[in-house]
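Everything below concerns the one structure shown next.
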Amino acid sequence: MSYHDDKFYGFTNDEIFGSIMQNKRFCKAIIQAVLPDVNVVSVENIDAQKELGTKSDKRSKSVRLDIAVKDQAGNLYNLEMQVNNNHDIGPRMRYYQSSMDRDTLDRGEPYTSLARTYLIFLCAFDPFGKGKLRYSFHLYDDEDKNIQLKNNAENIIINSKGRGTNDVDLLNLQKLMNDDKIEVAGVFKEIQNKIQEYNDDPKRRNLMRTAELRMKEETAVAEKRGREEGREEEQKNTVKVFKALQPNVTVS
């Protein structure tokens with residue numbers, strides 16, 4: 001029995017994102033749109049779904065990077081597509097950053113050998129509700145923002161629902177994420193045409209459909225876990241309050 005599916009699968013689809021980003025020319029264009037001040041001469045290496053983790057310590061949570069990129073200068077880029085807002089983007093970026101750092105520094109090497117890293121989250125939502133298209137984060141002194149802790153790490157969030165830029169490439173990236181038509185010829189138009197080719201390919205469509213179903217299942221599991229953790233926390237708080245009111249009563 002054949003399955004008819006008219007849905008258009010865009011850039012935010014897991015399968016499409018991975019396929020597009022493994023094209024070095026497309027990958028470079030997207031990185032440059034996010035980081036216009038960084039001169040990416042060439043993309044040397046691209047790893048899709050790269051898993052990072054400490055195999056020797058099974059208690060450690062592993063991380064699977066959507067797209068890990070290395071340029072000609074040895075700079076590292078991790079690009080993550082975030083479709084659902086799980087309200088954990090800060091801790092998530094912290095853990096991804098630490099995992100990247102551990103992966104780039106061998107035992108015995110000085111900390112100065114750490115590669116310059118760019119952690120880029122492409123979000124189909126605004127995690128801060130401020131309406132900005134591009135958020136960029138560094139470490140600064142709390143009282144004097146002129147003092148920066150130069151750790152060679154930058155965290156960037158692209159909010160596809162944001163505004164506030166005249167940068168053509170960044171606006172084209174936004175259109176790509178929102179499935180809006182790109183009119184002007186260029187690399188982003190080529191990317192959009194390639195996405196249409198993927199949608200016209202029955203075998204590709206099956207992969208894209210599977211990726212979307214997997215994403216929905218993972219979201220459902222995460223939401224269920226969140227509800228369960230919320231109930232557990234509520235029960236613990238109830239017990240604490242009860243004990244405070246009845247100090248001589250034992251609660252099992």
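Position one of the sequence shown corresponds to residue 1 (the UniProt record's numbering), numbered consecutively onward. Every residue gets a Cβ at the ideal spot worked out from N, C-alpha and C, and that includes glycine. What you are looking at is a predicted structure, and each value in this text was computed from that prediction instead of being measured.
Per the DSSP calculation, residue i is bridged to which residue(s)?
i, result
"Y135", "I157"
"V69", "I46 and Y77"
"L52", "V63"
"C123", "Q82 and N159"
"T117", "L76 and A153"
"I140", "In the sequence under discussion, the amino acid at residue 140 is Tyr, which differs from the Ile named in the question. Note: Y140 sits in a beta bridge opposite Q148."
Using a threshold of 9 Å, state whether the C-beta atoms of residue i and residue j are closer than that.
i, j, result
"N86", "E212", "no"
"F11", "L176", "yes"
"K181", "F26", "no"
"G164", "R134", "yes"
"L215", "V34", "Note that residue 215 corresponds to Met in the displayed sequence, not to Leu. No, the Cβ-Cβ distance between M215 and V34 is not below 9 Å."
"L170", "I158", "yes"
"D142", "L149", "no"
"L105", "Y96", "no"
"L65", "I30", "no"
"V63", "D47", "no"
"M81", "F137", "no"
For residue i, is the classification buried or exposed, using 16 other Cβ atoms within 10 angstroms of its Cβ as the cut-off for buried?
i, result
"I147", "exposed"
"Q174", "buried"
"Q196", "exposed"
"S113", "exposed"
"G131", "exposed"
"E183", "exposed"
"Q235", "exposed"
Assess contact between the segment 112-119 and the segment 84-102, defined as three or more Cβ pairs (one per stretch) separated by less than 8 Å. Is contact present? yes
contact_flag[the segment 34-47, the segment 68-86] where n(CB pairs < 8 Å) is 3 or more: yes
So, do the segment 188-200 and the segment 151-159 have three or more beta carbon pairs nearer to each other than 8 Å? These segments do not touch.
Counting only runs of 4+ residues fully inside the segment 158-187, write out the alpha helix (DSSP H) ranges in chain order. 168-178
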